[in-house]
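**Q**
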Amino acid sequence: MGTVKFRTLFDFTRHQMNVGCVCGSCAHQGVVHCDRLARWCFLKRLHGTVDALPGFLRCSHCGGRPMRIRPTPLPPTFPDWGADEAAWKRMQRRLRG
Ligand SMILES: [Zn+2]
3 MGTVKFRTLF DFTRHQMNVG CVCGSCAHQG VVHCDRLARW CFLKRLHGTV
53 DALPGFLRCS HCGGRPMRIR PTPLPPTFPD WGADEAAWKR MQRRLRG
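Per my numbering, residue 3 is the first one in the sequence shown, and the count goes up by one each step.
(1) Assuming A69 is part of the beta strand (DSSP E), what are its boundary residues?
(2) Take V6 and list the residues in its own chain whose beta-carbon comes closer than 8 Å to its own, dropping the five residues that flank it on each side.
(3) Tell me which residues pass a beta-carbon proximity test against ligand 1: closer than 5 Å to any heavy atom, given in chain order.
(4) Using 8 Å for Cβ pairs, my map puts H35 next to P78. What's the rounded Cβ distance?
(5) So what's C1 in DSSP terms, helix, strand or just coil?
(6) Is it true that the CB of G66 sits closer than 8 Å to the CB of C23?
(7) Give the DSSP-derived three-state secondary structure of C43 in the structure shown.
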């Protein structure tokens, strides 16, 4: 890792690192698939930056906000999230209105 700075989801996908979050309320740790989170942000037109992520990510345990975002090689906490291509298509259609 060394001097590599992770500022946006692009940095995560480029290095194929998943997004590790630590909850600010209960310290629960979660891992989100980097490519799928990047796609999700793109669809929702959210800024996929490390600074912005705590604004729309929620702890799966207590619903709190993550206080720390860092790259991790660990597998996603919910492997099924974003794995269903049909669900993406549905979301895309819904967002287009
Ligand atoms: Zn929590």
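The beta-carbon is built from N, C-alpha and C at its ideal position, and this holds for glycine as well.
**A** According to the data block:
(1) The amino acid occupying residue 69 in the given sequence is Met; Ala does not appear at that position. That run of the beta strand (DSSP E) goes 68-74.
(2) Short of 8 Å from the beta carbon of V6, and not among the five residues preceding or following it, lie these beta carbons of its own chain, in chain order: D13, H17.
(3) Listed by chain position, these are C25, S27, C28, H30, C61, H63, C64, G66.
(4) Right, the Cβ-Cβ distance comes to about 4 Å (below 8 Å), so this counts as a contact.
(5) Outside the displayed range of the chain (3 to 99) lies residue 1, so it cannot be described from this structure.
(6) With contacts defined by Cβ atoms closer than 8 Å, C23 and G66 do not form a contacting pair.
(7) Per DSSP, reduced to three states, the secondary structure at C43 is helical.
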